[in-house]
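Trainee: Chains as they are written, first to last, in the working numbering: chain A, 1090 to 1393; chain B, 21 to 336.
Attaching a single structure in structure tokens format; questions to follow.
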Amino acid sequence: MAHETRALRATGAVERRQIASNLSRYVFLGATLLGVSVLAFLAYQTISTGASTLSLDFLTSYPSRFADKAGVRPAILGSLWILFVTIAASIPVAVGTAIWIEEFAPKNRLLTIVKINLANLAGVPSIIYGILGLTIFVRFYGMDRSLLAGGLTLALMIIPMTVIAAQEAIRQVPPSLRDGALALGATRWQAVRYNVLPNAVPGIMTGLILSVSRAAGETAALIMIGGFTFLRFDPGPPPFWPPSSFLDSFRDAFTVLPIAIYGFTIDSRLEFQANAAAAIIVLMIGVLTLNLIAAIIRERFRRG
Amino acid sequence: MARIMTPMESDILHEALRKRVFGRPGEMVIMAVLVLCATVSLVTTVLIVGVLIRESLTFFEEVSLRDFFLDTKWQPLFQPVSFGIWELVAGTLNVTLWALVLAVPVGLAVAIYLSEYAHTNTRRVLKPILEALAGVPTVVYAYFALTFVTQDVLRPLLGNQQVPIFNAFSASLMLAVMILPTIASISEDAMASVPRDLREAAYALGATKLEVAVRVVFPAALSGIIAAILLAIARVVGETMIVAVAAGSTPNLTLNPLAPIQTMTGFMLQVGLGDTERGSVDYEALFAVGMMLFVITLLFNIGAYFFVRRYREEYE
């Protein structure tokens, strides 16, 4: 008797457990859809607020006191030239570091320190890189609040994550390629240069592009080194630049697209919110294009 | 005839080949350049720590450590000046707390769904979309926090009296959106690397899917999940734009989500925006607060590093 009731109760419990389990699927699915729909909703909000402001005039006009005349021309040029400096400065250093770590470094305590250091640098808040750039580049090296100082600051910021991605890419190259070259009498550098690196390039590019898209959206570090200004001129080299003035023009003051968004957002006049949304559309098109290119490279060269 | 090498022999050969010295003199130059590249990251760390310490020392010549840690008011810009760091720390704690309350349950639910319930193809579509959230520049979230969350949702819902235009909650909500992919993605990795045997064993004992997910996989992946949360905390603590735009610039010793506050990063950006004179106390305060921020984020990052290593050792 007692035995029977216990069995019945157990059946009821099993049923409850099954129902709970079946329901749980929808709870977890719901949470996931919430995350995805936030993205969709934010995109919709931005486009519906900013699309009417976005025009060729908006892209080619200078800042203004009037919302309907204010544009982002200097900000777009500033962003492009800063990223130019950032890429030029960070590629050699990041790739060189990754090659050294993966191919040449003796496996000792120094290597461990270098690796842990990179992991920690990748987690340092961007505003700290901002005050580093302010102290070292802007003040100590006297670069002032220039494109050059901004680009170098962002380069320091993205080097750690670019190195980590490049290391991963180099590690993915089958060791047989390197060993084959070595067996045929190549030196270590020749093996790396002609067999390892060409095969790691897609992975390195993917990592670099993702880092650059991070730099493209960086705001706080560049505000720290003086990027929050209203420019009435085009920063950086003019079109058809004469070679003599090319380097000089990187001493120009600058502003960038994310800072323009910041400026429009904190403006107390509400009509500037549409400008902020329009500038966000421009920035997001840039960032998403970079991410898309990275994804395409990654897919195309997967186990090629 | 041709004998296949044992793994050990192949290792020995591999090492012997790798250790061969450089053949050509020019290659020593290349080697030197590579080492130079690798030192850049070490120099960066030394410079960060050096700059923070040097300028903080100047600050602490004028403001005693005692005042910094025992005063309760942060009022650097007008008289009577007072530099009690806790109001800024409380601001950071406020937004971090509420962002975690919002993001951790959802993030873990997403991770469980993607790892335990979703079809492989569904996961392949959903995970990149979620990770796209991580690529959105934070100034974009800042715009949403101020315009959308505060003006379109919180104020109409709770009334303008209740909700100041700058409030901690709007920032927390967008910080939660910002860290959701971090939590979901790293936790999902940890759950996916829990061995199948554990799940099969639990099913064999009659466990339901929910029980396997929550009582077997979740505990087994715990160190990875903790790492994800620690990384998320480090990102929230270091995030500047969202809190500077939406949470205000009023240092405030409170955990009330609807109060205007100022975080450590918020103060730093405020100094960066103004043309503060070099050598003035509030300019030096930038570095003292920066030091505090650096130490706090470093602790969380090291904690995350430790936990990630632990789960890698367990299952990979």
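Using N, Cα and C, we set each Cβ at its ideal position, and we do this for glycine too.
#1: ALA110(B): which of GLY286(B), PHE327(B), ALA222(B) sits nearest, CA to CA?
#2: So is MET1250(A) in contact with chain B if we call contact Cβ pairs under 8 Å?
#3: Please state the DSSP three-state secondary structure of GLN181(B).
#4: Three or more C-beta pairs closer than 8 Å, one from the stretch 131 to 143 of chain B and one from the stretch 207 to 221 of chain B: is that the case here?
#5: Per DSSP, which residues does LEU103(B) bridge with? Please list them.
#6: Could you name the residues of the stretch 272 to 288 of chain B whose beta carbon sits closer than 8 Å to any beta carbon of chain A, in the order they occur along the chain?
#7: Output needed for MET1090(A): all residues of its chain with C-beta closer than 7 Å, excluding positions within five of it in sequence on either side, in chain order.
#8: Leaving out five residues before and five after SER1141(A) in sequence, what residues of the same chain have Cβ atoms less than 8 Å from its Cβ?
#9: Counting only runs of 4+ residues fully inside the stretch 187 to 243 of chain B, write out the alpha helix (DSSP H) ranges in chain order.
#10: Indicate the three-state DSSP secondary structure (helix, strand or coil) for ALA1342(A) in the structure shown.
#11: Considering only C-alpha positions, which residue in the set TYR331(B), PRO96(B), ILE68(B), VAL71(B) is nearest to VAL237(B)?
#12: So which residues on chain B does ARG1362(A) lean against when the C-beta distance must stay under 7 Å?
#13: List the residues that DSSP assigns as beta-bridge partners of SER1235(A).
#14: Could you tell me whether the stretch 309 to 329 of chain B touches the stretch 1231 to 1251 of chain A, where touching means 3 or more Cβ pairs closer than 8 Å?
#15: Go ahead and label ILE1370(A) buried or exposed: buried means 16 or more other beta carbons lie within 10 angstroms of its beta carbon, across all protein chains shown.
#16: If you run the structure through DSSP and keep just helix, strand and coil, what is PHE1317(A)?
#17: Please list, in chain order, all residues of the same chain as VAL126(B) whose beta carbon is under 7 Å from its beta carbon, the five residues on each side excluded.
#18: Can you look up MET1090(A) in the DSSP assignment and give me helix, strand or coil?
#19: Is it the case that the stretch 1291 to 1310 of chain A contacts the stretch 150 to 160 of chain B, given that we only count it when at least three CB pairs across the two stretches are under 8 Å?
#20: With 7 Å as the C-beta to C-beta threshold (strictly closer), list the residues of the stretch 251 to 267 of chain B near chain A in chain order.
#21: Report the CB separation of PHE88(B) from PHE103(B) in whole angstroms; it is logged as a contact under 8 Å.
#22: In three-state terms, what does DSSP make of MET21(B)?
#23: At a Cβ threshold of 8 Å, is PRO45(B) touching chain A?
#24: Below 7 Å between beta carbons is the criterion; list the residues of the stretch 161 to 187 of chain B that meet it against any residue of chain A, in chain order.
#25: If you scan the stretch 1164 to 1227 of chain A from start to end, which runs of the beta strand (DSSP E) of 3 or more residues do you find wholly inside it?
#26: Cutting at 6 Å between CB atoms, please list the residues of its own chain near ARG175(B), excluding the five before and the five after it.
#27: What is the DSSP secondary structure of GLY338(B), counted as helix, strand or coil?
#28: Would you report the Cα separation of ALA58(B) and ASN1209(A), rounded to the nearest angstrom?
#29: Ordered along the chain, which non-local residues of its own chain (more than five positions away) have a Cβ less than 6 Å from that of PHE1317(A)?
#30: Mind checking MET284(B): buried by the 16 CB within 10 Å criterion, or exposed?
#31: If the cut is a Cβ gap below 9 Å, which residues of chain B does GLY1306(A) touch?
#32: With 16 as the cutoff for other CB atoms within 10 Å, does ALA221(B) come out buried or exposed?
#33: Going straight from the alpha carbon of SER84(B) to that of TYR1351(A), what length do you get?
#34: Whose Cβ in chain A lies nearer than 8 Å to the Cβ of THR228(B)?
#35: Counting only C-beta atoms, is PRO1152(A) closer than 8 Å to chain B at any point?
#36: Just curious, the alpha helix (DSSP H) that GLU151(B) is in, first and last residue?
Mentor: Let me spell this out:
#1: GLY286(B)
#2: no
#3: coil
#4: yes
#5: Sequence inspection shows Phe at residue 103(B); the Leu mentioned does not correspond to that position. The partner list for PHE103(B) (beta bridge, DSSP) reads TRP94(B).
#6: THR285, MET288
#7: For MET1090(A), the predicted model reports a pLDDT of 44, less than 50, meaning its position is unreliable and no value from the coordinates is stated.
#8: ALA1363
#9: 188 to 212, 216 to 224
#10: strand
#11: TYR331(B)
#12: In the sequence on display, residue 1362(A) carries Gln and not Arg. By Cβ distance, chain B contributes THR167.
#13: ALA1342(A)
#14: no
#15: buried
#16: coil
#17: LEU200
#18: Unreliable positioning characterises MET1090(A) in this predicted model, as indicated by a pLDDT of 44, which lies under 50. A coordinate reading is not provided.
#19: yes
#20: ALA254, GLY258, THR260, MET261, VAL265
#21: 6 Å
#22: In this prediction, MET21(B) has a pLDDT of 43, which is less than 50 and means its spatial position is unreliable; nothing more can be read from the coordinates.
#23: no
#24: ALA162, TYR163, PHE164, LEU166, THR167, PHE168
#25: none
#26: VAL183
#27: Limits of chain B in this structure are 21 at one end and 336 at the other, which puts residue 338(B) out of reach.
#28: 15 Å
#29: ILE1348
#30: buried
#31: GLY155, VAL156, PRO157, THR158, VAL159, VAL160
#32: exposed
#33: 35 Å
#34: ARG1106, GLN1107, ALA1109, SER1110
#35: no
#36: 140 to 154
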